[in-house]
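What follows is a set of notes on a single structure, which appears directly below.
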């Protein structure tokens, strides 16, 4: 018996051109809570999926309990005592708790015996780890926190000694999260090993014994939690970056163009995604929203753009109300001077199977300029597209090419050209440079600054902190659906990092 | 390469893959012919000869093709908006009411060129009405359009039996059909059209509704690729989330697309009712609504593909009759098998050969680039 | 007494016409609860009915016919499975295709092999199922009320009839009381949960599709080996679609399936009975209305006007592992 639960040696994994994990080494000691922290896309989830047998590593060894294992599928992981609580619960919603716990671990073809056995075992687990949940409750009727508890019970029922939790608090309210941490402590005390994947520093500091930091596919450091600080971790997470420089002059803010008051958005399950958010954006300024992905920025953008219904609050565009809680019509908002570059250009901003020139009018297709009699004026559409192709240097310069055949950067330019060339008063932009090549990034940033200088009000959402800092005149930080702070563009990176991680101020971090 | 679904040249995508699928469907059909102890080659000979061997045969082939152009277009229009209209059979059937009512009303007092436009409107209106309900139910009540349109096929069938046995049947007649229309309810034949090619149409009911079908095909092309409505339909069909982003109202598009689809199906009724039988009979649709699915799949939902695909099925229907005549063991139901196989291979299994074809293209491309690189060096 | 007698007759034929519906709808229940939609029930039953009729006629053995029916139906299910599970094609298109292929093939092959206009030779003796008479049926018949009910409703049906009704609790038991059933229901609701639990989604769905094949095969065999003595061209006459409607109407639950099939069967039996017989007060009800009623009811149900039919969540969607 070794006192090391899991050891990873030289794990390497690529998806096509994306090098998700680079030569990862990791040691997780038995009976500890080991945090893995990193920004979105740092490679945490990939690493854990390899450990759980979803993917196979290209290179490297996995040692469980000192023995090298090949984990070819989740079955093998389960057999080696590894359990996983997925970020999106893997539960059958119309099944009972008991049925979900048993699924895949039934020990007889006829359920009667399994059920009574499972019931007893579940009772025992509940008692042992203080995980009360009614075994006959239907999953979809349970609150999210309890559903997660079922996921944990599922793993324990399969005799997991090592429990991986992937961003477990993303869907939880703070009291629920606290309860989860108490459960994790309890599990640790019973001798279980826990790997906690998160991007929230507060959680790391609160519950872990050791913490490993990942950045851009690499494991950059492992620290004992009591020997490190939030500041150090934040810096390790972000790294010393080459500061993005964008030439820009002083902002000359004018009138308020977009005014958001007490905006609240709940998702289909009633979870609050945007919580009482208020801000103004003036003509000629860029307001950036910083935050780790999944803290309500996407929902905020969509609510303002009229493609997601808000549950409360008001939005004013150019001084007149937008019916955000009712049926705001994106087409109408466009005519009122709102342009929207959506975060997801593949599914929202573009129709990939369309010709370039067809995408160049998406959302503006009812404009009379593209109409000739009862028909679309194809010649006008193509001429228009060609003009934009030239101005935005979109390559290849072929308006008839299927959009799917353009590179990410050029696709993004198609969207930007469409939205910017409309001379809008307010431009809202989500992830302007996600999946875009370096050359195009510079171009896109320049164009955004130009829009500001032309007196547009710009709302920018990005998970790239550098981008936010380089472009914004003011920065709002979102965490858990709320705006937790406002900073100027010269704000300290560490300070922003703390805000993004849900630490309200340095005083609290120091505690 | 790593992704065989990625890029194939247009001619392979729209020509080669459908062709391969079609060939496989026919090969399997050939197996069935073998199974009943006949020669597939002989059957193929009779099929082609029966469809094109004489002016009259060609007339019949095109008569059937007319019907299938309408139903094929109908399925295609709906599919561009992301809807699977499997209810063409019922919509065409109900569309017949519109044709019959106009003809019964005017055939004795008006010439055909007055009756025909009204009958077009009548057929389209009734077909659209029968498609409106499933469309509306999907848009507003969330019921699945495939299931509802299937149910509406059966409801239409019962409704038509009722109407033809109780309401539209002339007094004293036993047959479940309307009275025979007089001159105003009879469409002129297109004998002159085949006459240009020196062909004699004989008894074939090839009539002017063929021209209407071609017009409808052109109209559909305009609608889908040249109008804002068609643009919105395509956005919705490809990406509902992009449609929401663009401010396209999906409920409205769903209902309109279904009504256009139903209207096209309804217009199919003109061909048999005013063009051949000069009365409305039970079961005059004869599965054309379902053939439309095969035609749309074969034709890749593009009018330029649908017309040849419809002619192909017209050929099967006409040539199939000839096979049945020459080779008594092979009845006209052979067509139904081929139709099913085409739907299977061009539809549900459309991607079966794509990886292989993709690999062939990839290896040809890489060897070509390798050889050109070698030349360069 | 006359009304009572009529009622017994109608109920008796209700049972008779419900049997194939119950088999097919239960078959559909298996695949659809596993997430594979199947509008090819019609084709499977028809193919099975033909295989049963043909093999029983040739071998003179009803059991050989039954076996052939099941084999053909399972084979067709596998084609559907290959298209919709392995090739991830459209489940609806695949179902439609199978219906056509089978319809055409049964006629062509039937005509080629037996030359009786698409029929198979009439079956007699051991080549078809005979009815089972329960003990004392004839003795009890004269007893009022109980007599006819015992003799005509309970006794005097085919083996397959009793099997169909037995399949209802058996299906329920399999679905809700076995490991297989638990996994099957899970794979139709959230295949991801099944996959992460280390169970093959593809294999689960194939097994569900095979179950459907067996049941639809029994339904088809009933048509040509029991209800009628031999196969007749197109003899399913839309029963597969009615079964589909019944399945939806039953909200994908076994006991409800039986009730829905009995209801639709009753409407059918009543329609035949009422043909040409005006009802007191109401007068003549068009037969066609009675025939369309199952479909109309299903549409109304689907539209959410009477309760809500929620299909299995993962239904109709091929499973693709994320990322």
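Residue numbers (the numbering used here), protein chains in the order written: chain X, 1 to 511; chain Z, 512 to 888; chain U, 889 to 1211. We put the CB at the ideal spot given by N, CA and C, even for glycine. Being a predicted model, the structure only gives us computed values, none of them experimental.
**Prompt:** Using a C-beta to C-beta distance shorter than 7 Å, which residues of chain X count as neighbours of residue 1080(U)?
**Reply:** 90
**Message:** What would DSSP say about residue 403(X), mapped onto helix, strand or coil?
**Reply:** helix
**Asked** Which of the three DSSP states, helix, strand or coil, is assigned to residue 365(X)?
**Response** coil
**Asked** Which one of 782(Z), 842(Z), 844(Z) and 803(Z) has the shortest CA to CA distance from residue 631(Z)?
**Response** 782(Z)
**Request:** For residue 771(Z), collect the residues of the same chain with a Cβ closer than 6 Å to its Cβ; drop the 5 residues on either side in sequence, then sort them by chain order.
**Result:** 588
**Prompt:** So who's on the other strand from residue 290(X), going by DSSP bridges?
**Reply:** Its beta-bridge partners are 477(X).
**Message:** Using the three-state DSSP reduction, which class does residue 353(X) fall into: helix, strand or coil?
**Reply:** coil
**Request:** Grab me the residues of residue 512(X)'s own chain with a C-beta within less than 7 Å of its C-beta, minus the 5 sequence neighbours each way, in chain order.
**Result:** Any question about residue 512(X) goes unanswered here, given that chain X covers just 1 to 511.
**Top-ranked residue by Cα proximity to residue 545(Z), from 993(U), 1140(U) and 927(U)** = 993(U)
**Request:** Label residue 450(X) either buried or exposed according to how many other C-beta atoms from any shown protein chain fall within 10 Å of its C-beta, with 16 as the threshold for buried.
**Result:** Flag for residue 450(X) reads exposed.
**Request:** Tell me the start and end of each unbroken beta strand (DSSP E) in the stretch 37-108 of chain X that is at least 3 residues and wholly inside, in chain order.
**Result:** 59-64, 67-69 and 82-85
**Span separating the alpha-carbon of residue 778(Z) from that of residue 1048(U)** = 46 Å
**Message:** Against chain Z, which members of the stretch 1182-1196 of chain U pass a CB distance test of less than 7 Å?
**Reply:** 1183, 1184, 1186, 1187, 1190, 1191 and 1192
**Asked** Taking a cut of 7 Å between CB atoms, which residues from the stretch 744-776 of chain Z lie near chain X?
**Response** 746, 749, 750, 752, 753, 755, 756, 757 and 758
**Asked** Closest to residue 49(X) by CA distance: which of 17(X), 87(X), 32(X) and 16(X) is it?
**Response** 87(X)
**Prompt:** So what's residue 519(X) in DSSP terms, helix, strand or just coil?
**Reply:** Chain X is shown only over 1 to 511; residue 519(X) falls outside these bounds and no answer can be derived.
**Message:** Any beta carbon of chain X sitting closer than 9 Å to that of residue 742(Z)?
**Reply:** yes
**Request:** Give the range of the beta strand (DSSP E) segment to which residue 210(X) is assigned.
**Result:** From DSSP, the beta strand (DSSP E) with residue 210(X) extends over 210-215.
**Prompt:** How long is the line joining the alpha carbons of residue 963(U) and residue 1100(U), rounded to whole angstroms?
**Reply:** 11 Å
**Prompt:** Does the pairing of the stretch 800-812 of chain Z with the stretch 553-566 of chain Z give three or more beta-carbon distances under 8 Å?
**Reply:** no
**Item:** Which residues DSSP lists as bridging residue 518(X), in chain order
**Value:** Because chain X spans 1 through 511 in this model, residue 518(X) falls outside it and cannot be assessed.
**Asked** So is residue 495(X) in contact with chain Z if we call contact Cβ pairs under 9 Å?
**Response** no
**Request:** Scan the stretch 95-113 of chain X for residues whose Cβ lies nearer than 8 Å to a Cβ of chain U and list them as they occur along the chain.
**Result:** Within the stretch 95-113 of chain X, those residues whose Cβ lies closer than 8 Å to any Cβ of chain U are, in chain order, 95, 99, 100, 102, 103, 104, 105, 106, 108, 109, 110, 111 and 112.
**Item:** 9 Å Cβ cutoff, residue 653(Z) in contact with chain U
**Value:** yes
**Message:** Buried or exposed for residue 1003(U), going by 16 or more other Cβ atoms inside 10 Å?
**Reply:** Under this definition residue 1003(U) is an exposed residue.
**Request:** Find out if the Cβ-Cβ distance for the pair residue 987(U), residue 934(U) is shorter than 9 Å.
**Result:** yes
**Message:** Using only CA atoms, which one of 366(X), 15(X), 73(X) and 391(X) lies nearest to residue 740(Z)?
**Reply:** 366(X)
**Request:** Select from 133(X), 37(X), 291(X) and 286(X) the residue whose C-alpha is nearest the C-alpha of residue 249(X).
**Result:** 286(X)
**Asked** Ends of the beta strand (DSSP E) at residue 22(X)?
**Response** Looking at the DSSP string, the run of the beta strand (DSSP E) that includes residue 22(X) is 18-29.
**Item:** alpha helix (DSSP H) segment containing residue 218(X), residue limits
**Value:** Run containing residue 218(X): none in the alpha helix (DSSP H); it sits in the beta strand (DSSP E), 218-224.
**Prompt:** For residue 1104(U), which residues in chain A fall below 9 Å Cβ to Cβ?
**Reply:** Structure shown: chain A not included; protein chains present are X, Z and U.
**Request:** Note down the Cα distance separating residue 1070(U) from residue 1143(U), rounded to an integer number of angstroms.
**Result:** 17 Å
**Request:** Run down chain Z in chain order and give the residues with a C-beta less than 9 Å from the C-beta of residue 982(U).
**Result:** 854, 855, 858, 859 and 860
**Prompt:** Would you say residue 916(U) and residue 991(U) are within 9 Å of each other, going by their C-beta atoms?
**Reply:** no
**Prompt:** Taking 9 Å as the CB-CB limit, is residue 811(Z) close to chain X?
**Reply:** no
**For residue 669(Z), the first and last residue of its enclosing alpha helix (DSSP H)** = 656-673
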